[in-house]
DNA sequence: GTCTATACACTGATAGAC
DNA sequence: GTCTATCAGTGTATAGAC
């Protein structure tokens, strides 16, 4: 009944969809949502326009798909760090290491750039902001961790929510700087992030 | 010869151009360069399409004009801080205060958002990045200041260039966070920025 | 012959420009 | 207000596996 082997068929689908997704990631990361045209994705992926619309119903859904993947990559990094055995402070150190590696040196780094694009242009894409808020809940895991590390004296004093925001600000700020300084990652280390939260005072 | 008093004429020009610039600032800050249409600027400013093109040759030049103003606002804040009498550390503290006030509470805060838009979408606007690099030289004033404050023991140890980047990253990162958390500025203070550079260790 | 991945010319809408 | 280019999205045809 099936005209082609179902297995082979699935493989073809996966390959084509991956091609499109990969090309879209590169183009969206560079030009932003509105700055990207379907034509660019078509040319960058090497497939036809018809095929793009065969796999995705609209430009908007392609972007949403990338944001979905980006949130997965981010979430995975966070969960992996927090699953590390050890103290709260060790988990924070692990988080810095994994975020540094994933966002600045990995093949996945473009996902973090696309997230930046979503944050700065999200207002003109209906539902995007709500989507990110819903699926980005893992950011909320940091404040309690900071609170714990404060009690053990390893984290510096201050409102854990503010410190968490500052930590995220440094991370996102560096992702921004990376856009125009491609070897920034050779100048900084995971410690650059961790240091923001570290208790360097005398009351250890 | 002049059908209208020249003075009155100049005034009209200034008013119209200000109207357009102000509206453009708001729309570009919210939707980004590509996400903004001339129609939006026209409707937001209340002037006619023709008038917009009377004062600006293209959408691109409107954006460049805003970036020009944004760099001026930023430069003014930096120069004002560094002209403060006092030690290097006191100048850094002043810089944090002025940046906080200007970027988070001022009417000028939108200029910092537009700069973010320029950074994330600049690759698709020819010449923009070079323009920012040329006119944003005042950022280079921070590392020597940090170096001085390290010698007096007030700034923490570390490569001044990296510390300067981290300072800018925190600042830009918070500008990003502000996009979706309108009363973020009530939770943080200028100290949040200064703290990144402060020597909190025992070897004062 | 049937099914599905793929191609591409086309359309209507809307953008920037003047 | 009008013009023209280009955008997102579609309708239809083809190629090839079974």
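Chains as they are written, first to last, in my numbering: chain A, 59 to 262; chain B, 59 to 262. All C-beta atoms, glycine included, are put in the ideal place defined by N, C-alpha and C.
Asked: Reference residue 266 of chain B, options B:243, B:86, B:91, closest by Cα; Found: Because residue 266 of chain B is not part of the residues shown, which for chain B are 59 to 262, the question remains open.
Asked: Closest by C-alpha distance to residue 286 of chain B, when choosing among B:215, B:190, B:252; Found: Here chain B comprises residues numbered 59 to 262, so residue 286 of chain B is not present and cannot be evaluated.
Asked: Proximity test, Cβ basis, 8 Å: residue 220 of chain B and chain A; Found: yes
Asked: Min CB distance residue 243 of chain A to chain B below 8 Å; Found: no
Asked: Reduced DSSP category for residue 259 of chain A - H, G, I as helix; E, B as strand; rest coil; Found: coil
Asked: Where residue 176 of chain B meets chain A, residues with beta-carbon distance less than 8 Å; Found: By Cβ distance, chain A contributes nothing, its closest Cβ being about 10 Å from residue 176 of chain B, past 8 Å.
Asked: N-terminal and C-terminal residue of the alpha helix (DSSP H) that residue 138 of chain A is part of; Found: 117-140
Asked: 6 Å Cβ shell around residue 169 of chain A - same chain, five flanking residues per side excluded; Found: 128, 131
Asked: Beta-carbon neighbours of residue 246 of chain A, restricted to chain B and to distances below 7 Å; Found: 220
Asked: Alpha-carbon spacing of residue 217 of chain B relative to residue 225 of chain A, whole angstroms; Found: 20 Å
Asked: Helix, strand or coil at residue 60 of chain A according to DSSP, with G and I counted as helix; Found: Bear in mind that a pLDDT of 43 at residue 60 of chain A, under 50, signals an unreliable position, so the number given afterwards is only what the model happens to contain. In the structure shown, residue 60 of chain A sits in coil (DSSP, three-state: anything other than H, G, I, E or B).
Asked: C-beta contact flag for residue 221 of chain A and residue 136 of chain A at 8 Å; Found: no
Asked: Residues that residue 232 of chain A contacts on chain B, provided the C-beta gap is smaller than 7 Å; Found: 227
Asked: Contact list for residue 101 of chain A against chain B, beta-carbon separation under 9 Å; Found: Near residue 101 of chain A there are no residues of chain B at all, since even the closest Cβ is about 15 Å away, more than 9 Å.
Asked: According to DSSP, residues forming a beta bridge with residue 213 of chain A; Found: A:256
Asked: Short CB-CB distance (under 8 Å) between residue 155 of chain A and chain B; Found: no
Asked: With 16 other Cβ atoms within 10 Å as the buried cut-off, status of residue 231 of chain A; Found: buried
Asked: Three CB pairs or more closer than 8 Å across the stretch 204-215 of chain B and the stretch 138-157 of chain A; Found: no
Asked: Any non-hydrogen atom of the ligand GTP closer than 7 Å to residue 156 of chain A Cβ; Found: For the structure depicted, the ligand GTP is absent and the ligand set is empty, with no information on it obtainable.
Asked: Boundaries of the alpha helix (DSSP H) in which residue 181 of chain B is found, first to last residue; Found: From DSSP, residue 181 of chain B is part of no alpha helix (DSSP H); its letter is neither H nor E.
Asked: Three-state class that DSSP yields for residue 171 of chain A in the structure shown; Found: helix
Asked: For residue 249 of chain A, the nearest candidate out of A:139, A:97, A:81, A:150 (CA to CA); Found: A:150
Asked: Secondary structure of residue 105 of chain A, DSSP reduced to three states; Found: coil
Asked: Closest Cα partner of residue 78 of chain A within the set A:97, A:93, A:89; Found: A:97
Asked: Cut-off 8 Å between Cβ atoms - residues of its own chain near residue 261 of chain B, not counting five sequence neighbours on either side; Found: For residue 261 of chain B, the pLDDT reaches just 47, beneath the cut-off of 50, and the residue's location in the model is therefore unreliable, although a value from the coordinates is still provided. Closer than 8 Å at the Cβ level, and outside the excluded window around residue 261 of chain B, lie 211.
Asked: Backbone CA spacing between residue 105 of chain B and residue 184 of chain B [nearest angstrom]; Found: 28 Å
Asked: Start and end residues, alpha helix (DSSP H) containing residue 199 of chain B; Found: First-last for residue 199 of chain B: undefined, no H or E at that position.
Asked: Beta-carbon gap between residue 167 of chain B and residue 176 of chain B smaller than 8 Å; Found: no
Asked: Nearest residue (CA-CA) to residue 147 of chain A, options A:119, A:133, A:202; Found: A:202
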